[in-house]
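What follows is a single structure, written as structure tokens, with notes after it.
In our numbering, the protein residues as written are 13 to 419.
Dropping the structure here:
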């Protein structure tokens with residue numbers, strides 16, 4: 013799967029929901045707590061953990077269950093049909109309506125009409141900056157743009173009433189004294205309108221290539237449909253993968269037994285805690301209680317319990333997937349890893365791997381690189397488990413009856 017590492021990193025770090033962005037350096041925003049181990053004038057520099065000293069044979073700590081055909085029950089099929097594409101576009105069209113097209117049956121502008129015009133504003137016979145526009149759709153009676161977002165100065169559209177399509181009309185307008193442009197404030201000007209057409213609301217069935225170009229930036233209606241279809245498929249694939257990941261994780265945690273190395277896990281919890289304090293409390297331990305209470309309503313003890321439980325689940329999965337990799341003889345695909353890492357850097361606009369390794373290593377660059385390589389291998393295992401999974405789709409639940417029985 014392309015960009016496997018990006019998806020895995022985002023998935024693996026969603027448990028860290030109690031992080032903040034009070035400090036930022038060149039790190040991947042939205043992943044984990046930030047870690048800056050460079051020298052600074054901070055009164056409380058963050059301790060750098062020595063997590064890289066740990067190296068494990070995962071199978072020594074894990075008793076694997078049967079993972080050959082993991083059962084996965086999806087809540088829906090995640091199939092995108094042409095009806096889905098059509099419904100999406102109809103809903104989008106309806107929510108953004110009205111769109112306008114020329115009404116060929118009308119030739120004279122009346123009260124309540126929407127017109128498409130070009131105009132040129134002139135001061136003393138000379139066009140002034142910002143006073144000209146083309147293909148503007150205007151609500152004549154409302155003296156505003158057809159969408160209502162732009163209101164014009166008094167009298168701007170008055171002269172359009174009674175104008176014929178295809179003709180030019182001059183409108184005399186005086187800018188208010190408090191107008192934002194001092195060059196025009198209080199000045200009498202003339203706007204010359206060319207009435208291109210009188211408009212009517214467009215029906216969805218009338219959308220054409222011109223509509224696709226103007227509102228979707230695509231060359232054709234077919235291309236617009238393709239963009240929507242691709243977007244819906246990508247969204248469905250994302251949620252399907254997320255649900256499969258969740259089911260696979262739950263199954264593995266239930267079917268496998270893990271005895272975590274106590275010293276490694278304790279150091280990992282301490283490292284996470286240190287980064288959290290550094291990131292959110294300027295490295296000042298005395299601020300932690302107030303920060304947690306103010307921002308999350310937790311005590312320090314409650315927060316530490318949450319961190320420990322979340323980290324325990326993550327590390328258990330690390331060991332289980334690592335043990336499967338050892339059993340299956342799956343090792344790091346260096347070329348794929350390098351490519352995915354380059355994608356990750358590009359995605360976040362980074363030029364150096366150091367900040368990424370710092371972030372994922374809790375400030376320990378060496379451990380961060382080791383962890384990311386392990387995660388890449390783990391992602392290969394997850395892909396294998398997905399391919400071999402026995403996938404079913406849950407039957408839709410019946411809607412509860414709303415009928416009542418008269419007594």
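Every residue gets a Cβ at the ideal spot worked out from N, C-alpha and C, and that includes glycine.
Spatially closest choice to residue i from the options, by CA coordinates
i	options	result
residue 208	163, 166, 147	147
residue 154	128, 100, 124, 181	124
residue 422	251, 224, 253	Here the chain has residues from 13 to 419 only, and residue 422 is not among them.
residue 252	407, 89, 218, 358	89
residue 198	186, 87, 137	186
residue 98	83, 305, 404, 234	234
residue 165	84, 380, 189	189
residue 333	62, 70, 61, 63	70
residue 79	170, 316, 339, 61	339
residue 343	105, 389, 373	389
residue 182	62, 191, 167	167
residue 94	228, 84, 243	243
residue 62	133, 380, 406, 409	380
residue 384	291, 396, 371	371
residue 193	290, 141, 316, 365	141
residue 408	362, 159, 85	85
residue 382	393, 368, 394	368
residue 277	68, 236, 363	68
residue 215	298, 135, 103	103
residue 135	366, 249, 364, 195	195
Check whether residue i and residue j have beta carbons under 9 Å apart
i	j	result
residue 272	residue 331	yes
residue 318	residue 265	no
residue 426	residue 200	No answer is possible for residue 426: it lies beyond the span of the chain, which begins at 13 and ends at 419.
residue 143	residue 203	yes
residue 180	residue 163	no
residue 398	residue 260	yes
residue 172	residue 113	no
residue 152	residue 127	yes
residue 287	residue 374	yes
residue 177	residue 120	yes
residue 81	residue 401	yes
residue 335	residue 268	yes
residue 257	residue 394	yes
residue 60	residue 376	yes
residue 111	residue 213	yes
residue 87	residue 297	no
One or two residues paired with residue i in a DSSP bridge
i	result
residue 103	Answer is none; residue 103 lacks a bridge partner.
residue 203	133, 183
residue 219	Beta-bridge pairing links residue 219 to no other residue.
residue 112	213
residue 96	Bridge partners of residue 96: none, in fact.
residue 122	According to DSSP, which records beta bridges pairwise, residue 122 is partnered with nothing at all.
residue 86	405
residue 128	149, 209
residue 144	132
residue 258	According to DSSP, which records beta bridges pairwise, residue 258 is partnered with nothing at all.
residue 176	120
residue 138	135
residue 74	270
With 16 other Cβ atoms within 10 Å as the buried cut-off, status of residue i
i	result
residue 349	buried
residue 337	buried
residue 346	exposed
residue 307	exposed
residue 139	exposed
residue 328	buried
residue 109	exposed
residue 133	buried
residue 291	buried
residue 405	exposed
residue 315	buried
residue 275	exposed
residue 158	buried
residue 74	buried
residue 378	exposed
residue 107	exposed
residue 283	buried
residue 169	buried
residue 391	buried
residue 131	buried
Residue-level contact to chain D via CB, residue i, 9 Å cutoff
i	result
residue 123	Of the protein chains in this structure there is only one, and it is not chain D.
query: Where are the alpha helix (DSSP H) runs, 4 residues long or more, that stay fully inside the segment 265-338, in chain order?
result: Segments of the alpha helix (DSSP H) lying fully in the segment 265-338: 274-293, 300-308.
message: Could you tell me which whole beta strand (DSSP E) segments of length 3 or greater appear in the segment 333-409?
response: As far as the segment 333-409 is concerned, its whole beta strand (DSSP E) runs of at least 3 residues are 402-405.
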